[in-house]
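*Asks:* For reference, the structure I am asking about is given below.
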Amino acid sequence: MSASNYEPIIGRYVTIEVAGRSYRVYVEEAGQGQPVICFHTAGADSRQWRHIMNDAEMTANYRFIAPDMPWHGKSLPPEGFEEEEYLLTTDVYVETVLKLVAALGLENPIYAGCSMGGRIALQLALNNPEPFKGFIAIEASDFQPAWYDIDWFHRPDAHGGEMGAALVSANIAPQGPKAERWNTQWMFMQSGPGVFRGDLNFYTKDDSLVGKLGSIDTSGKPVHIMVGTYDMTCTPEDAKRTADQIPGATLAVMEWIGHFPMSENPATFRPHFIEALAKMG
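Here the sequence shown is numbered in UniProt numbering, starting from 1 and rising by one per residue.
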């Protein structure tokens, strides 16, 4: 195979220390210019961003960096994981992001995250905005109570990956290409035992931001919230309620898209994401 047949995405590993533990984290990147660090949804991995990272027009001006969070994709769990239950917390998530930005030497990166990655965008904008140029919070709200029983995703009598895929299938808009809808579900089918459950524990039980977002300063670090009309986990009403609490925040409502826009319907998501990047200044 000639070099011209390779995709432009390059994968590498970096080791960081979070909460006193060492993590070997897999990171993909493509492009040059303004860095944009992109975080995946609960139970998935960096493959959700592959269409953006293969877009020659976008990578001409932006350097996209997409990590697999620890326990996800090609990022292994920490030593001793077999003796513990994986339960993600806000503090660990925030520290992971900040340690990755430092370890990768990113200067003034744009943060883009979806679902639980979008929730962390709001946490960072509120409490740790300094390293970032701006925040793109996709399918994100101040808080969303669980409408499902997360214990179904780690049981001896049910396949957790298939249960996770069944759940997310209800949150994928039917207008997306069939192949990409199924590719999106496949990532959840591959999720490690208990990982989706541990992510959802964070997403639905940890650190509500209700009533706290008014102190976010968007004058120098913009906050842009994006939501799909077919998202029933974070509805357009949830996203609007959240955006309305942040002085200067902007909101984009995306037609024919569900909870996983960059993965389930990349062509429809693309112009919305280009607009979001432009809003970062």
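Ideal Cβ placement from N, Cα and C applies to all residues, glycine included.
Comparing alpha-carbon positions, which option in E180, I138 and P129 lies nearest D217?
*Replies:* As a working note, residue 217 is residue 217 in the sequence shown. Among E180, I138 and P129, the Cα nearest to that of D217 is on P129.
*Asks:* May I ask you to report which of helix, strand or coil DSSP gives Y6?
*Replies:* In the sequence shown, counting from the first residue as 1, residue 6 sits at position 6. Y6 falls in the coil class under three-state DSSP.
*Asks:* Going by DSSP, what residue range makes up the alpha helix (DSSP H) through H40?
*Replies:* Counted from its first residue, the sequence shown places residue 40 at position 40. H40 -> no alpha helix (DSSP H), and no H or E assigned at all.
*Asks:* Ordered along the chain, which non-local residues of its own chain (more than five positions away) have a Cβ less than 8 Å from that of M254?
*Replies:* Within the sequence shown, numbered from 1, the residue matching residue 254 stands at position 254. Only M226, V227, G228, T229, P261, T268, F269 and H272 meet the Cβ criterion.
*Asks:* Taking one C-beta from the stretch 235 to 249 and one from the stretch 156 to 165 each time, how about it: are there three or more such pairs within less than 8 Å?
*Replies:* Cβ pair count under 8 Å is below three, so no.
*Asks:* Could you say which of W256, G113, A137 and G160 lies nearest to I172 if we only look at CA atoms?
*Replies:* One-based indexing of the sequence shown puts residue 172 at position 172. Residue W256 is the option with its Cα nearest to I172.
*Asks:* Return yes when the Cβ of I65 is within less than 8 Å of the Cβ of V27, no when it is not.
*Replies:* Looking up residue 27 in the sequence shown gives position 27. Looking up residue 65 in the sequence shown gives position 65. Against a cut-off of 8 Å, the Cβ pair of I65 and V27 comes out as a contact.
*Asks:* Restricting to Cα atoms, I'd like to know which of P156, V36, I10 and A276 is closest to V97.
*Replies:* Here the question's residue 97 lines up with position 97 in the sequence shown. Comparing Cα-Cα distances from V97 to each of P156, V36, I10 and A276, the minimum goes to V36.
*Asks:* Please look up how many angstroms separate the CB atoms of F135 and P109, rounded, as I've assumed it's under 8 Å.
*Replies:* Taking the sequence shown and counting its residues from 1, the one referred to as residue 135 is at position 135. Taking the sequence shown and counting its residues from 1, the one referred to as residue 109 is at position 109. In fact, because the Cβ distance is near 10 Å, the residues do not count as touching under 8 Å.
*Asks:* Can you list, in chain order, the stretches of the alpha helix (DSSP H) that have 4 or more residues and sit fully within the stretch 43 to 126?
*Replies:* Whole alpha helix (DSSP H) segments, 4+ residues: 50 to 53, 56 to 59 and 90 to 103.
*Asks:* Quick check on the burial criterion: 16 or more other C-beta atoms within 10 angstroms. Buried or exposed for I10?
*Replies:* The residue labelled residue 10 in the question sits at position 10 within the sequence shown. So I10 counts as exposed.
*Asks:* Between the Cα of L209 and those of M58, R119, W182 and L76, spot the shortest distance and give me the residue it belongs to.
*Replies:* Position 209 of the sequence shown, counted from the start, is the residue given in the question as residue 209. Among M58, R119, W182 and L76, the Cα nearest to that of L209 is on R119.
*Asks:* Just the Cα atoms here: how many angstroms apart are T89 and A179?
*Replies:* Locating residue 89 in the sequence shown gives position 89, counting from the first residue. Locating residue 179 in the sequence shown gives position 179, counting from the first residue. Using only the alpha carbons, I get a separation of about 33 Å.
*Asks:* Apply the 10 Å Cβ neighbour rule to W147 and answer buried if 16 or more other Cβ atoms are within range, or exposed otherwise.
*Replies:* On the sequence shown, position 147 is the one that residue 147 refers to. Label assigned to W147: exposed.
*Asks:* Going by beta-carbon coordinates alone, are Q48 and T41 separated by less than 8 Å?
*Replies:* Numbered from 1 along the sequence shown, position 48 holds the residue referred to as residue 48. Numbered from 1 along the sequence shown, position 41 holds the residue referred to as residue 41. In contact: Q48 and T41 (Cβ atoms closer than 8 Å).
*Asks:* Let me know the secondary structure DSSP gives F132 once reduced to three states.
*Replies:* Numbered from its first residue, the sequence shown carries residue 132 at position 132. Residue state, collapsed to three classes: coil.
*Asks:* Alpha carbons only, please: which of R21, L126, D157 and Y62 is nearest the one belonging to G80?
*Replies:* Along the sequence shown, one-based indexing puts residue 80 at 80. Residue R21 is the option with its Cα nearest to G80.
*Asks:* Using alpha carbons as the reference points, say which of R12, C234, N5 and E275 lies closest to D142.
*Replies:* In the sequence shown, the residue the question calls residue 142 occupies position 142. Measuring from the Cα of D142, the nearest candidate turns out to be C234.
*Asks:* Give the C-beta separation of T242 and A140 to the nearest angstrom, bearing in mind that I take them to be a contact with Cβ-Cβ under 8 Å.
*Replies:* Stepping through the sequence shown from its first residue, residue 242 is reached at position 242. Stepping through the sequence shown from its first residue, residue 140 is reached at position 140. Confirmed, Cβ separation roughly 7 Å.
*Asks:* E7 and N61: beta carbons closer than 8 Å?
*Replies:* Here residue 7 corresponds to residue number 7 of the sequence shown, with the count starting at 1. Here residue 61 corresponds to residue number 61 of the sequence shown, with the count starting at 1. Contact flag unset, no.
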